[in-house]
Amino acid sequence: MASGPLTPGSTIGILGGGQLGRMLAMAAAELGLSCHIYCDEDNAPAFAVSAHQTVGAYDDEATLLTFAKSVDVATVEFENVPAATLATVAKETPVYPPPRALEVSQDRLAEKTFASDLGIAVAPYCEVTSIDELEQAVQSLGTPTLLKTRRLGYDGKGQVKISNGTNLNEAYESLNGAPALLEKFIGFDCEISVLAVRGQDGETRFYDPSENRHENQILAEARVPARIPDQIADDARAIARRLVEALNYCGVLCVEMFYCGDQASAPLIVNEIAPRVHNSGHWTLDACIISQFENHIRAVAGWPLGACARHSDAVMTNLIGDQARDWPALAAEENTGLHLYGKRQIRPGRKMGHITRLVAGSGVE
Ligand code: AMP
998 MASGPLTPGS TIGILGGGQL GRMLAMAAAE LGLSCHIYCD EDNAPAFAVS AHQTVGAYDD
1058 EATLLTFAKS VDVATVEFEN VPAATLATVA KETPVYPPPR ALEVSQDRLA EKTFASDLGI
1118 AVAPYCEVTS IDELEQAVQS LGTPTLLKTR RLGYDGKGQV KISNGTNLNE AYESLNGAPA
1178 LLEKFIGFDC EISVLAVRGQ DGETRFYDPS ENRHENQILA EARVPARIPD QIADDARAIA
1238 RRLVEALNYC GVLCVEMFYC GDQASAPLIV NEIAPRVHNS GHWTLDACII SQFENHIRAV
1298 AGWPLGACAR HSDAVMTNLI GDQARDWPAL AAEENTGLHL YGKRQIRPGR KMGHITRLVA
1358 GSGVE
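Residues in the sequence shown are numbered consecutively from 998, following this note's numbering.
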């Protein structure tokens, strides 16, 4: 465990070099802390803004140990960091969030079981390891449902919708034998997420829940405030608190939920837990004094947490693929924060940047 807060000049190691690592490194720099990025790809977006970089495989023990020895604490910017990688790094330096949080979030079945055991509602589900089990699961859950791989699914990858008449053999084969689960399709009013940040001393703070809109299962827009009753926003924070406490968490954790206003007994259903900073919290860069990135850095560095209060209403829009070509017009907009991730190649579906529009009348002049 780290003893006392890291002093300015200390180095934070980050496993992963994408845009989340990039924005974490920029937040760390604001506090006089340096970052050392470890990533298995050249030209990672985070390399351009960090003091130290290592290109290495996530199973390269010797390189990981050298990296771990060079940093004062290590954290992650993606949840699929292999358990063995974390264990290697943890031999030489404290790792936050706790590896257990990553283990839970890497496996949809473990995640659902973990949340259910805490009394948190999740979509009804059945484990599926064979076509027979899929047939039984469809019988028991009805349709529509979603067949999802247990591991390595995100942004709708590794998912098949099952409706009345779907060919179950084809659906099952499309997963190439990967362990899966079948999950009831939830008719929600909206999707929301809440970001909690928990310090090394257990202090926990929350950003306001955002209302999230997905297109092709990729986040398109996150707006605050979410159009949900105040009580539901409080309930969302209470769910996130239960999760971070049960995990003895340190850092930012995002909980994605479905809001179903007509389900009085369980209006909030947890879909996913992300043990990291999250795309649905990018608005905090422009609409809060202390962003999710800075608060994550503060937490893992053992610093006091910063305010999560929002000074403006905001709408964050992802710039996906060709949308990033609009940067000149977006840069000219008043009250709009433009963030480009420095990715050299535009590809369809690739997150190239985002904008946050602060909404007039909410503190914006
Ligand atoms: P996921 O990969 O689980 O994050 O899912 C990506 C998106 O698919 C979610 O943000 C939802 O828009 C949609 N989705 C996932 N699971 C369900 C579900 N059980 N019912 C309805 N929509 C879902």
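All C-beta atoms, glycine included, are put in the ideal place defined by N, C-alpha and C.
#1: Would you kindly report the start and end of the unbroken beta strand (DSSP E) that includes L1335?
#2: Less than 6 Å between C-beta atoms, sequence neighbours within five positions excluded: which residues of the same chain meet that for A1112?
#3: Pick helix, strand or coil for G1350, following the three-state DSSP scheme.
#4: Using 10 angstroms around the beta-carbon of M998, count the other beta-carbons present and answer buried if the total reaches 16, otherwise exposed.
#5: Just to confirm the assignment, what range does the alpha helix (DSSP H) spanning Y1169 have?
#6: Hey, would you say L1099 sits closer than 8 Å to V1078, going by beta carbons?
#7: Which first and last residues belong to the beta strand (DSSP E) in which A1217 is found?
#8: Quick test of your reading: C1036 and G1013, contact by CB under 8 Å. State the CB separation rounded to the nearest angstrom.
#9: Who are the near neighbours of T1314 in its chain, counting only those whose CB is closer than 6 Å to its CB and skipping five residues on each side?
#10: Taking the C-alpha atoms as reference points, what is the distance between E1291 and K1088?
#11: Are D1138 and Q1156 touching if we call contact CB-CB under 8 Å?
#12: Hey, is K1181 close to ligand 1, as in C-beta under 7 Å from one of its heavy atoms?
#13: With DSSP as the reference, label H1293 as helix, strand or coil.
#14: Within the present structure, is the beta-carbon of N1077 separated from the nearest heavy atom of ligand 1 by less than 7 Å?
Reading from the atomic positions:
#1: Position 338 of the sequence shown, counted from the first residue, corresponds to residue 1335. Counting along the chain, the beta strand (DSSP E) containing L1335 begins and ends at 1333-1337.
#2: As a working mapping, residue 1112 is identified with position 115 in the sequence shown. Taking C-beta separations shorter than 6 Å and ignoring five residues to either side along the sequence, the partners of A1112 in its chain run V1119, V1267, following chain order.
#3: Counting from 1 along the sequence shown, the entry for residue 1350 is found at position 353. In the structure shown, G1350 sits in a strand (DSSP, three-state: E or B).
#4: If you number the sequence shown from 1, residue 998 lands on position 1. Low confidence applies to M998: its pLDDT is 45, below 50, so where it sits in the model is not reliable, and the reading given next is rough at best. Per the 10 Å Cβ criterion, exposed.
#5: In the sequence shown, residue 1169 corresponds to position 172, counting from 1. Here the alpha helix (DSSP H) through Y1169 covers 1165-1170.
#6: Looking up residue 1099 in the sequence shown gives position 102. Looking up residue 1078 in the sequence shown gives position 81. In contact: L1099 and V1078 (Cβ atoms closer than 8 Å).
#7: If you number the sequence shown from 1, residue 1217 lands on position 220. Here the beta strand (DSSP E) through A1217 covers 1215-1221.
#8: The residue you call residue 1036 lines up with position 39 of the sequence shown. The residue you call residue 1013 lines up with position 16 of the sequence shown. About 6 Å separates the two Cβ atoms, so the contact holds.
#9: What you label residue 1314 is simply residue 317 of the sequence shown in a count that begins at 1. When the five nearest sequence neighbours on each side are left out, the beta carbons in the same chain lying within less than 6 Å of the beta carbon of T1314 are those of E1218, I1352, in order along the chain.
#10: By one-based count along the sequence shown, residue 1291 stands at place 294. By one-based count along the sequence shown, residue 1088 stands at place 91. Cα to Cα, the separation comes out at about 26 Å.
#11: Taking the first residue of the sequence shown as position 1, residue 1138 is located at position 141. Taking the first residue of the sequence shown as position 1, residue 1156 is located at position 159. Looking at the sequence itself, residue 1138 is Leu, so the reference to Asp does not match. Using a Cβ distance threshold of 8 Å, L1138 and Q1156 do not count as a contacting pair.
#12: The sequence position of residue 1181 within the sequence shown is 184, counting from 1. Relative to ligand 1, the beta carbon of K1181 is positioned inside 7 Å of a heavy atom.
#13: For the purposes of this step, residue 1293 is taken as the residue at position 296 of the sequence shown. In the structure shown, H1293 sits in a helix (DSSP, three-state: H, G or I).
#14: Position 80 of the sequence shown, counted from the start, is the residue given in the question as residue 1077. Result no, Cβ not under 7 Å from ligand 1.
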